[in-house]
Each structure stands twice: as structure tokens, then as C-alpha cells.
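Participant:
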């Protein structure tokens with residue numbers, strides 16, 4: 231059974247560590263700057279206005295999450311957490327909760343700043359954001375577990391930012407049909423397509439299924455890497 235007290239303890243510790251780290255704090259607010267850049271034009275295409283929301287999930291959900299875990303490794307405190315009596319679920323929820331809350335705040339800020347039009351079916355929009363959060367926080371956790379330092383997460387994370395955060399913008403530049411089709415299955419493209427479909431009143435079941443598969447695969451890989459690190 232999950233212990234809310236243990237999860238809360240991890241959350242509070244991460245919050246205190248974050249407040250002391252200017253690098254992670256400055257990184258966390260970057261999506262707000264992208265909201266100004268992408269969303270303040272007179273006639274901004276919907277697909278472009280979705281990008282800052284995706285970047286909020288990538289930058290905060292993946293980058294900040296990876297940096298927090300890598301910082302634990304630098305301080306040699308992660309091993310103690312891995313060897314503690316905490317269950318795998320408690321560790322993952324506790325270590326992901328701050329990133330999830332911070333990402334949600336940034337997404338709300340991005341929507342307000344950019345004037346993003348929320349779809350009428352708000353529930354499905356929120357569900358899509360939640361599933362995407364699971365994906366990106368999972369990716370961030372994987373990067374953090376595999377990186378040795380915070381700086382290394384930045385270097386490794388740049389391809390993640392481009393591939394998983396902005397592929398919906400540049401995939402149209404590829405002439406290769408098979409590459410275009412592959413990029414179409416990336417989570418940011420599926421999220422963008424889902425939002426577009428919601429605005430047009432089109433079905434989004436397929437997009438939700440693909441995002442769900444991404445989330446499941448990400449969770450499985452994260453757990454496998456976590457257990458490998460735990461017993462190394």
C-alpha cells in the first residue's frame with residue numbers, strides 16, 4: 231500500500247532542493263518565454279500555439295526531472311533512496327510529483343500568456359495532457375538515471391527537446407514519406423493532432439491509444455532501468 235507520508239517527504243525534499251538551484255528554476259520558467267515568442271502574433275496558427283504547451287512538458291517534465299535525479303546522483307543521495315524500504319511506486323510518484331505540479335503550473339501560464347484557445351471538450355484535453363506528462367516525466371527519469379551529472383542531462387536532453395518537443399513543426403520539411411510517417415507517431419505530434427481534432431470535432435481515440443502506448447512503454451523502461459540501478 232502506498233504511503234502518502236513517504237511520498238510527501240520526497241516531494242518536500244525535492245521542493246527545497248529546487249528552491250536552492252537557480253539553474254533548474256531558470257530552466258523551469260523557459261516555457262513562459264516560448265509562449266511570448268510563439269503565441270503573441272496577430273494570427274498564430276493553432277499548430278504553432280500548441281508548441282509552447284509541448285515545450286512546457288519537455289523542458290519541465292523531462293529536463294527538470296532529469297536534472298533533479300542527476301543532482302541526487304552527484305550528491306550520492308540517490309543510492310540511499312534506491313536502497314531504502316520505499317516501494318518502486320512510492321519512489322516514482324514522490325520523485326515525479328514536483329515535476330508534474332510545476333509542469334501543470336507552467337502549462338497554465340503558457341495558456342494564459344499565449345491566449346491558447348482551450349477545446350470545448352476540456353476533459354479530453356486534460357486527459358491528453360496527463361498522459362503526455364507521464365510520457366515526458368518518464369523520459370526525464372530515464373535520462374536522469376542514465377546520466378552521471380546535471381550538465382550531462384543538458385547535453386543528452388537537447389536531442390530530446392528537438393525530437394519530442396518540436397517535431398510537429400519540422401516534420402513537414404522531410405520529403406521522405408516513411409520518415410514523415412514515423413515522426414507522426416511521436417508523442418508531441420500525436421498530442422498536437424489530438425488537440426487539432428478536438429477543435430475540429432473529430433475523433434481522438436486513436437491519438438489517445440498511441441499516447442497511452444507511449445506512456446506504458448516509458449513506464450516499463452523506467453522501472454527496468456530503476457531496478458537495474460537498484461541492484462547494481
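Numbering (our numbering), first residue to last: 231 to 462. Where a beta carbon is used, it is the ideal one built from N, C-alpha and C, also for glycine. None of the values given here were measured: they were computed from a predicted structure.
In terms of residues, what are the limits of the alpha helix (DSSP H) holding residue 407?
Facilitator: 407-413
Participant: Count the other CB atoms within 10 Å of the CB of residue 360; is the residue buried (16 or more) or exposed (fewer)?
Facilitator: exposed
Participant: For residue 338, is the classification buried or exposed, using 16 other Cβ atoms within 10 angstroms of its Cβ as the cut-off for buried?
Facilitator: With fewer than 16 Cβ atoms within 10 Å of its Cβ, residue 338 is classed as exposed.
Participant: Taking three-plus beta-carbon pairs below 8 Å as touching, is the stretch 258-268 in contact with the stretch 295-304?
Facilitator: no
Participant: In three-state terms, what does DSSP make of residue 421?
Facilitator: helix
Participant: Considering only C-alpha positions, which residue in the set 341, 325, 444 is nearest to residue 308?
Facilitator: 325
Participant: State the CB to CB distance for the pair residue 390 and residue 373, rounded to an integer number of angstroms; the pair is presumed to be in contact (CB under 8 Å).
Facilitator: 7 Å
Participant: Apply the 10 Å Cβ neighbour rule to residue 379 and answer buried if 16 or more other Cβ atoms are within range, or exposed otherwise.
Facilitator: By the C-beta density criterion, residue 379 is exposed, having fewer than 16 other C-beta atoms within 10 angstroms.
Participant: CA-CA distance, residue 267 and residue 377?
Facilitator: 31 Å
Participant: DSSP on residue 396, reduced to helix/strand/coil?
Facilitator: Looking at residue 396 - three-state DSSP - the assignment turns out to be coil, as it is neither helix nor strand.
Participant: Taking the alpha-carbon of residue 358 as reference, which of 241, 288, 429, 420 has the nearest alpha-carbon?
Facilitator: 420
Participant: Do the stretch 426-445 and the stretch 334-352 make contact, defined as three or more Cβ pairs closer than 8 Å?
Facilitator: yes
Participant: Would you say residue 417 and residue 365 are within 8 Å of each other, going by their C-beta atoms?
Facilitator: Yes; because the gap between Cβ atoms is below 8 Å, this pair is in contact.
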